[in-house]
Structures are given as structure tokens and as C-alpha cells.
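**Q** Here's a structure for you.
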Amino acid sequence: MRIIVLVWLATCIVGNFATIFDSSNLLLKMMSRLEILERKSEKYDGLLQENELLKKLISELSTKVHNLEECKGFKDKEEIHNFEKLSSKVNASQSSKGSVGNENLIQIMPMTEAKQSDGTKDNVMLVSHINKRIDNPSPDQIAFYAYMSTITQANLPTYHILRFDVVVVNRGEGYHKDDGVFTVPRSGVYEFAWTIAIPTSGWVSVEIVVDGRVVGSSYAHGSDDWDFSTGIVVVQATSGDHVFIRMHQNGSGVINSDSRGRSSFSGWLLF
Numbered sequence: 058m059r060i061i062v063l064v065w066l067a068t069c070i071v072g073n074f075a076t077i078f079d080s081s082n083l084l085l086k087m088m089s090r091l092e093i094l095e096r097k098s099e100k101y102d103g104l105l106q107e108n109e110l111l112k113k114l115i116s117e118l119s120t121k122v123h124n125l126e127e128c129k130g131f132k133d134k135e136e137i138h139n140f141e142k143l144s145s146k147v148n149a150s151q152s153s154k155g156s157v158g159n160e161n162l163i164q165i166m167p168m169t170e171a172k173q174s175d176g177t178k179d180n181v182m183l184v185s186h187i188n189k190r191i192d193n194p195s196p197d198q199i200a201f202y203a204y205m206s207t208i209t210q211a212n213l214p215t216y217h218i219l220r221f222d223v224v225v226v227n228r229g230e231g232y233h234k235d236d237g238v239f240t241v242p243r244s245g246v247y248e249f250a251w252t253i254a255i256p257t258s259g260w261v262s263v264e265i266v267v268d269g270r271v272v273g274s275s276y277a278h279g280s281d282d283w284d285f286s287t288g289i290v291v292v293q294a295t296s297g298d299h300v301f302i303r304m305h306q307n308g309s310g311v312i313n314s315d316s317r318g319r320s321s322f323s324g325w326l327l328f
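Following this line, the structure appears as C-alpha cells:
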């Protein structure tokens with residue numbers, strides 16, 4: 058009987074130890090999870106603080122940007138107002154004295170500069186520059202544009218120079234409508250362009266000559282309707298060189314030029 062009691066007691070004790078061991082493991086797991094939650098909570102609190110700091114910084118920056126925009130807007134309005142006043146004075150001076158020359162502009166500028174801010178001085182210089190460009194174009198500006206007033210004779214021969222007799226622009230006086238030749242006024246790099254119009258059933262082949270050298274050509278063939286041929290070249294030219302458009306081969310039919318489409322020749326100094 059004693060043995061049975063002892064066995065029973067031993068069983069109870071072992072069972073209690075197992076229960077205690079399981080409880081201890083459960084407690085350790087719970088403590089570990091609590092530590093993880095505490096670390097996450099601390100990290101979350103830190104993020105909240107950083108978020109509040111960023112919100113405050115954004116608010117301060119927005120205020121500064123707004124203040125800067127207001128200051129810039131006021132300055133721009135003031136400069137525009139000063140420029141308008143200055144333009145009115147210049148226009149009034151031109152109306153009372155006719156066209157204001159560069160000498161008069163130079164006389165106006167020192168008096169105005171003495172009374173205006175730095176921003177307004179820039180406006181004075183701008184008005185002076187605009188008037189100089191309008192009243193006195195640079196002699197270095199070279200450009201021309203001319204077109205044919207009517208159709209040509211039929212079947213023009215090879216090497217026949219085309220004449221574009223209506224001159225629209227001739228800055229530098231280099232183009233001569235009597236013979237269709239452009240004489241280069243100043244050495245530099247030039248761009249030349251031409252357009253030839255051909256009626257139905259006609260064809261033409263033309264070329265551009267610079268100082269005796271063929272530097273470009275174009276071809277048009279009006280099989281079923283009008284046809285247009287355009288060419289563009291960029292060349293180095295020397296003062297005194299002759300530039301013109303001529304027939305590359307004997308053409309068939311006439312070269313057209315009327316309100317529906319113009320045959321033209323143009324060129325300008327690039328640099």
C-alpha cells in the first residue's frame with residue numbers, strides 16, 4: 058500500500074514540474090513578445106516626432122516661399138511700372154522731335170540713370186538698344202529675297218542664268234535683279250535657298266553656282282500637275298564672289314511664277 062501511495066505522490070510531483078516548466082516557457086515567450094512590442098512602440102513614437110518636425114519645417118518653408126513671392130511680385134510690378142514710364146517719355150520725345158537719333162538717346166540716358174534704381178537703368182539700356190536696332194540697322198546685316206514676276210520663255214537653254222526681278226529684301230545691296238547675280242558684299246558663311254515652279258508636263262533642272270563652282274542643284278517634273286523644286290546650300294563665300302541660279306540642262310516648258318506659287322531666290326549671311 059505504501060508503494061502505491063509513493064508512486065502516486067511521485068506522479069503528482071512530476072506532473073507539477075511539467076506544468077511549471079510549460080508555464081515558464083509561456084512566460085518567456087510573452088516577455089519576448091512584450092520586448093518586441095516595446096521596441097516597435099519606441100520606433101513608432103520616434104517616427105511621430107520626426108513627422109511633427111517635418112510638418113513644422115514645411116510650414117516654415119511655405120511661409121518663406123510665400124514672402125519671397127510677394128517681394129518678387131512687388132519688385133516686378135515696380136520695374137514694369139518704371140519701364141512703362143520710361144517708354145512713355147521716349148515716345149513723347151519722339152513725337153515732339155520726330156525720330157530720336159542715337160545722340161539724343163545717349164543724352165537722355167545719363168539724366169535718367171541718375172534718378173532711377175539699378176533695375177530701371179537696365180530698362181533704359183533696353184529702350185536704347187531697341188531704338189538703335191530700329192533706327193540704325195547694322196551694316197553687317199546681309200540678306201536678300203527676290204522672285205520672278207511672271208513665267209519665263211519656254212525651253213530655256215543650258216547655263217541660262219535665271220533672273221528674279223521682284224526684289225523684296227536686299228540688305229547690303231548685293232543682289233542685282235538685272236542679271237540675277239548676287240555679289241557677295243563681305244566674306245563669311247552664307248545660306249542660299251531657291252524654289253522653282255513647273256507647270257503640268259514640264260520639267261527643269263537647275264543648279265546654284267558660287268564663284269564659278271556648282272555647289273547644289275534641284276530637279277522638278279510636273280507630270281500630272283504643278284511641281285516645285287527647292288534647294289538649300291550653306292557655303293563659305295569671299296567678298297566679290299558671284300552667286301546665281303542657272304539651267305543645268307535644256308528645260309521642257311516654262312518656269313512658272315504667279316500668285317499660286319513663286320519661283321524665288323534668297324540668301325543671307327550666317328556669320
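Numbering (the numbering used here), first residue to last: 58 to 328.
Backbone N, C-alpha and C fix where the C-beta goes; we use that ideal spot for every residue, glycine too.
Quick caveat: nothing in here was measured; it's all calculated off a predicted structure.
Could you give the first and the last residue of the continuous beta strand (DSSP E) run that contains residue 262?
**A** 260–267
**Q** Per DSSP, what kind of secondary structure is residue 123 in: helix, strand or coil?
**A** helix
**Q** Measure the CB-CB distance between residue 265 and residue 286 and report whether it falls below 8 Å.
**A** Their beta carbons are not under 8 Å apart, which means residue 265 does not touch residue 286 by this criterion.
**Q** With respect to the beta strand (DSSP E) encompassing residue 283, which residues constitute its N-terminal and C-terminal limits?
**A** Premise fails: residue 283 is in no beta strand (DSSP E) and is neither H nor E.
**Q** Taking only heavy atoms of the ligand NAD into account, decide whether any of them is closer than 7 Å to the Cβ of residue 205.
**A** Ligands displayed in this structure: none; no statement on the ligand NAD is therefore possible.
**Q** Where residue 201 and residue 231 are concerned, what is the direct C-alpha to C-alpha distance, given to the nearest angstrom?
**A** One C-alpha to the other measures close to 8 Å.
**Q** Quick check on residue 308: does DSSP put it in helix, strand or coil?
**A** In this structure, residue 308 counts as coil in the three-state DSSP scheme.
**Q** For residue 261 and residue 298, I'd like the C-alpha separation in whole angstroms.
**A** Near 26 Å, if we compare the C-alpha coordinates of residue 298 and residue 261.
**Q** How would you call residue 87, buried or exposed, if buried means at least 16 neighbouring beta carbons within 10 angstroms?
**A** Looking at its Cβ environment, which holds fewer than 16 other Cβ atoms inside 10 Å, residue 87 is exposed.
**Q** Find out if the Cβ-Cβ distance for the pair residue 314, residue 218 is shorter than 8 Å.
**A** no
**Q** Mapping DSSP to helix, strand and coil, what is residue 245?
**A** strand
**Q** Please confirm whether residue 292 and residue 311 have their CB atoms less than 8 Å apart.
**A** no
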